[in-house]
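Here full-length UniProt numbering is used: position 41 in the sequence shown is 41, and no number is missing along the way. Glycine included, every Cβ here is placed at the ideal spot set by N, Cα and C. No experiment lies behind these values; they were computed from the predicted model shown. Okay, so here's the structure we're looking at.
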Amino acid sequence: MDDRPEHNVACHCGAVRFRVRLTDGFNTARRCSCSFCRMRGAIAVSAQLDDIVFVQGAENLTLYQFNTGTAKHYFCRTCGIYTHHQRRSNPSQFGINVACIEGVSPFDFAEVTVLDGIAHPSDQGGGPRVAGVLRYEPAPH
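Right, here's the structure in full:
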C-alpha cells in the first residue's frame with residue numbers, strides 16, 4: 001500500500017492533466033542553473049517514472065531536448081507551459097513543475113536548493129552539486 005498523497009497536475013489551459021506521487025513530498029524542491037533551466041525558471045520536485053498517470057492530453061505534449069539529448073522536457077502544445085521533464089542526472093525520475101500542481105505555488109517555498117547544471121554531474125562524474133540556495137522573502141504587506 002502506497003500511502004504517499006497523489007497530486008493533480010495540469011498545464012495552464014488544462015489540455016494536459018496527470019496525477020503524480022512525489023518521491024519525498026516537496027522536500028526535493030529545486031532549481032537548476034543550466035542554460036535552459038535558468039531561462040525556464042521553474043521549481044521542480046521529484047517523482048519516479050512509474051508514479052505518473054496521465055488522465056488526459058499526453059498526446060498534446062511536445063518534447064524539447066538539447067545538448068546530450070538525455071533530458072526530456074515536456075510542454076503543453078496548446079499553452080506552452082512546461083509540466084515535467086525526465087532528468088539527465090537521474091533518468092529514472094521526472095522533475096514535476098510545482099506551479100502545475102493543484103493548490104501549490106512556487107511562491108510557497110521560502111528556500112529552494114539550486115543544483116549546479118552548468119557543471120552537470122554527468123559531465124564531471126559524481127552526484128548532483130549544490131550551486132546555492134534561492135531565498136524567497138515575501139514583501140511586507
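Three-state secondary structure assigned by DSSP to residue i
{"i": "L22", "result": "coil"}
{"i": "E102", "result": "coil"}
{"i": "S46", "result": "strand"}
{"i": "N97", "result": "strand"}
{"i": "C11", "result": "coil"}
{"i": "C32", "result": "strand"}
{"i": "F66", "result": "coil"}
{"i": "R40", "result": "helix"}
{"i": "F109", "result": "coil"}
{"i": "R135", "result": "Any reading at R135 is ruled out, since the residue's pLDDT is 45, under 50, leaving its predicted position unreliable."}
Beta-carbon spacing of residue i, residue j below 9 Å
{"i": "F18", "j": "V53", "result": "yes"}
{"i": "S33", "j": "I96", "result": "no"}
{"i": "T23", "j": "D51", "result": "yes"}
{"i": "A58", "j": "H84", "result": "no"}
{"i": "H7", "j": "V20", "result": "yes"}
{"i": "F109", "j": "A47", "result": "no"}
{"i": "V104", "j": "R30", "result": "no"}
{"i": "G91", "j": "A42", "result": "First, the residue type needs correcting, since residue 91 is Pro and not Gly in the sequence shown. No, these two residues do not count as a Cβ contact at 9 Å."}
{"i": "L61", "j": "V112", "result": "no"}
{"i": "R38", "j": "Y82", "result": "no"}
Residue i burial status per 10 Å Cβ neighbour count (16 or more: buried)
{"i": "L63", "result": "exposed"}
{"i": "R4", "result": "exposed"}
{"i": "R88", "result": "buried"}
{"i": "V55", "result": "exposed"}
Closer than 9 Å to chain C by CB, residue i
{"i": "S89", "result": "The structure shown contains no chain C; it is built from a single protein chain."}
Minimum C-alpha distance to residue i - residue among the options
{"i": "G69", "options": "F26, V104, F36 and G41", "result": "F36"}
{"i": "A10", "options": "P106, A42, F26 and E102", "result": "E102"}
{"i": "L49", "options": "M1, A15 and K72", "result": "K72"}
{"i": "G80", "options": "C100, N67 and D116", "result": "C100"}
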